[in-house]
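Visitor: My questions all concern the structure below.
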Amino acid sequence: MASPARAPEEFGQNWGKGLARCFSVCSGFLDEEGEETSLRLLPIPDSFVCPISADVMRDPVATADGFIYEREGIELWIRERRQGRQAVISPSTGLELASQHLMPVNALKKAIETYVANRPELCSFFGQRRSVQQAAQLLQEELLEKQVRHNSIEDELDRLQKQMKDKYCHIIEVGVLNQSLSEELERVRAELAERDARDRLLRKEVDEMRQTHQSSQQEVSELRSQLVQCQRLDQEFERVRAELIERDERDNLLRREVDELRQQQKCSQQEVSELRSQLTSAETSCKQLLSELALAQDAASSLKGQLSSISSVVAAALAVSDDPSALPLEAEGSARAPSRALEEINEEGGDDSNRVLSNHTAQADTPEQTQHEQQQQEAAASQNGQSAFTSCPSEVGLLSETSQILAGFRFGQYSVINNLWSRPELTCRVGRLVEFDKSLGRWRLLLENGEYIRVKPECMTHYDVPRGVRRQLFQLPRHFSASETSRFKISSILITFPPLCDAEGLAEHIGHLGYEVFGNGAAQRELERKGGLVSLVNSLGSASNTVQELAAVALGFVGRDLIIDSGAVPRLVALLFGSSCSKVQKEAAGTLARFCENAPDRRQHVFEEIDLHKLALLLSPGGAKSQSVQSGAALLCGELVGGSQGCPPIRAALVKAGVVPHIVALLQLSPGTARHAAFALGCLLFPACEDIRRSIVEANAIPFLVDLLQSEFFHARHMALRAIWCLALDSPSNKLAIATAGTGALTDMAKLMRTHGGAADVLFQVLGKTADVRDMALDPGLLQSTMCCVGDNSVAGYYMKGLTPPECPSLVYIFQVLMVRAQVSEQSAAIQLAINILRSGGLESKTLVCNMFLKLLAIDVSSKLDFKGQITRAGAGPCLQRMLVQDKLPTTSVAARLVQLVLTHLDRSPESV
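Going by my numbering, the residue at position 616 of the sequence shown is 2056; the numbering climbs one at a time, nothing skipped.
Here is the structure:
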């Protein structure tokens, strides 16, 4: 077997031991033969010596060319070459090294260590030599440090000498400057002496002028009073001039409307004349038919007489004739002739009344067939995600009606939804009245997104849309679907679209387009495909205010994403700030606000086009021509901020532009303007920003918002509640200010809980966790209003929607706070009302009562106030058990779980049910 390979260290150790034991023979030593010889150790091998330092290596390393050096020596060599920016060459060959990497030679290092260990005399020698080298190195370093200090001292001396020279020069300059200043001082003294003389003269003149001034002050006071009167007259003149301008605009609009009505009257007169001519022609034709009918009747009577005579002759002939078969044939032929003549008369039109009757019958059947077909088309359109309002049966039935007023609204009008407890997300949505269902007492409403809903009249408010936005009558083929009908109508309007110079025709066509595209996705896509969107945008540049107003409204009804790329935003901004017509400004602001709604990208696009200082000017009374413009500007401010999806940079820019005081001032104006101002404040306040909230409070907005809660308009109250909630959020001082403002803010909020879904949240925000408000004397009517809300099943369903135990709506927390602070009699009355609801109320109301009982029984002071005893004595246990049985509640339902929890708190086991 081959011997295993040895490690380099072991090889080096053996190598060093062998070299240390080698001797040389010298003369001077007597051997056996008598010759004098001596033994000496061999010298240090050359392979152990570094070529650079000529000393025995301690840490040998090999360079890229294979030569071996001491590590310190070769590293010093390489460092000096680098510092001198020279090529690193080999100390042995003088050639450039291919690599500066150093490789340790462990075998040689071990051999040297073993060799030196076996040669004791070399250890002391190397130690002394190394100490000498270290001392020399230390001396060299000290010399270098001293040289550096010497150089720095010389530099400091040079710098000080230079500073001394500069200071000397500065002293010379100061001396020169002092001399010039002394000369200037002498000159100034001379001038002062001259001025003293002039001052004496001036004092004399001033005394004289004072005397004259005293006499003229009386005249100035009189002139000031006259000037104040002139200013008042100027203000009155400006106000009158503004009113005259508005009246002129209204008069112009009325004149245009009158002209349009006159033209319509002319058209109707022409139609009446045509109908009259048709009626006269029909009367003449009827007279002719009657005369022909009389002639036919005379002919028939004569034929009957002839027939009777012929029959008598035939009978006589049969009595005397021997061949009876020939006469009946003749009689049969003669009998058929009159009937054939009568048929010919009928075919010529003698019985044309039957044909007229059949036509009327067909026309009477046509609406039913059309209604059935259109219902099928509407269902197909709704499945395809398109709006089918163009084929709505109600419109077919109302084409000939000029007006239909049902429940305070008119067919074709636009309205805003107030509050639907079943669909709270539709609050403030705009829709068009399509059909009135008399059996249900509800209007069918078409929303902007193409959705149809049925709404009670009391849940809607009129929405102002220009009169020019109206329907155009079309003769449509029966086989058209809803989308085909929309495309046909848009194409028909665009084919005859007039140029900009025809203002009257252009206004009519734009009004028809605005009516057709509202809530109709198919019509909007067809409008874009046919290039009608470009025509609408170009109409904004018309010289007619009516055309501009209708174009802005129509663009507001078109899909929002289609408008951004059409270039309409800059033109609408130009109309907002540059138009002289307040109606145009109002519609431009409203359309821009619609673009910003729920779309951060569109909001940023509109923000980049608007000058905020001009927008702030429109909010002030002096910068706007009417309240409608101020209202539109406030609405635009709110939509630019964006509410819950707000943009802090835009909000900060608006506040910096100074819109807050102007918006707060709008709260004192009409309800429509105050509604948009409250909306803008709510958007500025959310998400919470303490600086903005402080500025709004300092502008005295809280009393105005509280007063707005008593407005008779739903949307004004709704927006005021939203702004108050934002002000009260995490602010005890604002909560106290809200509670003490007006003549009963808390009572107003409690009354609004029946009609406004957010009123309970606002009231709970004001009452909850505020010691100052809780210490106030509360109106007993608050608890009664709360129980009235609970008794309304639709309201209770709204508050319980989407909640699972132990979650509670804000109405329950309000009930808890009021019950804790109420008197015992009030507590008993409220609990008795709740028991009555459990006995005869709806399921949602019963569920809410269970939630309220559970909250009362779970609070810390329940035992102290004996809520458990009061609820038990009122008979809650049997009512709850009856509720489980009668309503057949599933065990997993929210109502069943609440009933079981309440029964558990009352110590009545639900297992017995």
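C-beta atoms are modelled at their ideal positions from N, C-alpha and C, and glycine is treated no differently.
Taking proline 1500 as part of the beta strand (DSSP E), name the residues at either end of that continuous run.
Guide: 1500 to 1502
Visitor: Check for me: the alpha helix (DSSP H) holding arginine 2115 runs from which residue to which?
Guide: 2111 to 2125
Visitor: Pick out whichever of Glu1944, Ser2006 and Gln1988 has its Cα sitting closest to the Cα of glycine 1971.
Guide: Ser2006
Visitor: So who's on the other strand from tyrosine 1892, going by DSSP bridges?
Guide: Leu1886
Visitor: Per the DSSP calculation, aspartate 1877 is bridged to which residue(s)?
Guide: Arg1882
Visitor: Go through the region 2270 to 2330 residue by residue and report every complete run of the beta strand (DSSP E) that reaches 3 residues or more, in order.
Guide: Within the region 2270 to 2330, no complete beta strand (DSSP E) segment of 3 residues or longer occurs.
Visitor: Rounded to the nearest angstrom, what separates alanine 2118 and methionine 1900 at their Cα positions?
Guide: 20 Å
Visitor: State the start and end residues of the unbroken beta strand (DSSP E) segment that holds threonine 1901.
Guide: Annotation: the continuous beta strand (DSSP E) that includes threonine 1901 extends over 1900 to 1902.
Visitor: Checking 8 Å against the spacing of the C-beta atoms, do threonine 2226 and leucine 2192 come in under that value?
Guide: No, the Cβ-Cβ distance between threonine 2226 and leucine 2192 is not below 8 Å.
Visitor: Would you mind giving the Cβ-Cβ distance between isoleucine 1950 and leucine 1990, rounded to the nearest angstrom? I have them listed as a contact below 8 Å.
Guide: With a Cβ gap of about 4 Å, isoleucine 1950 and leucine 1990 count as contacting.
Visitor: Assuming the contact rule is C-beta atoms closer than 8 Å, isoleucine 2103 and cysteine 2077 should be a hit. Round their C-beta distance to whole Å, please.
Guide: Rounded to whole angstroms, the Cβ separation of isoleucine 2103 and cysteine 2077 is 7 Å, and the two are in contact under 8 Å.
Visitor: Could you check where the alpha helix (DSSP H) with isoleucine 2142 kicks off and where it finishes?
Guide: Per DSSP, isoleucine 2142 belongs to the alpha helix (DSSP H) from 2141 to 2148.
Visitor: If you measure between the beta carbons of alanine 1943 and threonine 1986, is that distance less than 8 Å?
Guide: yes
Visitor: Note the first and the last residue of the continuous beta strand (DSSP E) segment covering valine 1528.
Guide: Taken as a continuous stretch (DSSP letters only), valine 1528 belongs to no beta strand (DSSP E), as it is neither H nor E.
Visitor: Closer than 8 Å is the cut-off here; do at least three beta carbon pairs connect the region 1713 to 1727 with the region 2049 to 2056?
Guide: No, the region 1713 to 1727 does not touch the region 2049 to 2056.
Visitor: Does the CB of leucine 2278 have a neighbour CB from chain C at under 8 Å?
Guide: Given the protein chain composition of this structure (a single chain), no chain C is represented.
Visitor: Put serine 1622 into one of helix, strand or coil per three-state DSSP.
Guide: helix
Visitor: Alpha carbon to alpha carbon, how far is arginine 1884 from serine 2333? Give it in angstroms, no decimals.
Guide: Cα to Cα, serine 2333 sits roughly 34 Å from arginine 1884.
Visitor: Specify, as a first and last residue, the run of the beta strand (DSSP E) that valine 1856 falls within.
Guide: 1854 to 1857 is the span of the beta strand (DSSP E), which, as asked, contains valine 1856.
Visitor: Check whether the region 1955 to 1969 touches the region 1920 to 1927, taking contact to mean three or more Cβ pairs, one atom from each stretch, closer than 8 Å.
Guide: yes
Visitor: Taking isoleucine 2103 as part of the alpha helix (DSSP H), name the residues at either end of that continuous run.
Guide: Looking at the DSSP string, the run of the alpha helix (DSSP H) that includes isoleucine 2103 is 2099 to 2106.
Visitor: How many angstroms separate the CA atom of glycine 2098 from the CA atom of isoleucine 2132?
Guide: 11 Å
Visitor: Measuring CA to CA, which of Asp1691, Ala2105, Lys1878 and Glu1449 is closest to lysine 1896?
Guide: Lys1878
Visitor: Please name the residue or residues paired with threonine 1544 in a DSSP beta bridge.
Guide: Before going further, note that residue 1544 is proline rather than threonine in the sequence given. DSSP output for proline 1544 lists Val1501 as bridge partner(s).
Visitor: Confirm, please, whether the CB-CB distance from asparagine 1960 to glycine 1908 is below 8 Å.
Guide: no
Visitor: Under the rule that 16 or more other beta-carbon atoms within 10 Å means buried, what is aspartate 1471, buried or exposed?
Guide: For aspartate 1471, the pLDDT reaches just 46, beneath the cut-off of 50, and the residue's location in the model is therefore unreliable, although a value from the coordinates is still provided. The residue is exposed, with fewer than 16 neighbouring Cβ atoms inside 10 Å.
Visitor: Can you tell me where the alpha helix (DSSP H) with arginine 1968 in it begins and where it stops?
Guide: A small fix is needed here, since residue 1968 is glutamate in this sequence, not arginine. 1961 to 1969 is the span of the alpha helix (DSSP H), which, as asked, contains glutamate 1968.
Visitor: In three-state terms, what does DSSP make of valine 1957?
Guide: helix
Visitor: From the DSSP secondary-structure annotation, give me the bridge partner or partners of arginine 1872.
Guide: Tyr1854 and Leu1886
Visitor: Less than 8 Å between the C-beta atoms of alanine 2074 and leucine 2094, yes or no?
Guide: no
Visitor: Locate the alpha helix (DSSP H) running through isoleucine 1518, then write down its first and last residues.
Guide: 1511 to 1523
Visitor: Can you find a heavy atom of the ligand GTP that lies under 7 Å from the Cβ of serine 1855?
Guide: Of the ligands one can find in the structure shown there are none, so the ligand GTP has no counterpart to examine.
Visitor: Is it buried or exposed, leucine 1839, if we count other Cβ atoms within 10 angstroms and call 16 or more buried?
Guide: Below a pLDDT of 50, predicted positions are generally treated as unreliable, and leucine 1839, at 29, falls in that range; the measurement from the model is reported next regardless. With fewer than 16 Cβ atoms within 10 Å of its Cβ, leucine 1839 is classed as exposed.
Visitor: So for isoleucine 1492, helix, strand or coil by DSSP?
Guide: coil
Visitor: For tyrosine 2239 and cysteine 2021, what's the separation of their Cα atoms in angstroms?
Guide: CA-to-CA, the gap between tyrosine 2239 and cysteine 2021 works out to about 46 Å.
Visitor: Applying the criterion that 16 or more other CB atoms from any shown protein chain within 10 Å of the CB defines a buried residue, is proline 2040 buried or exposed?
Guide: Exposed: under 16 other Cβ atoms inside 10 Å.
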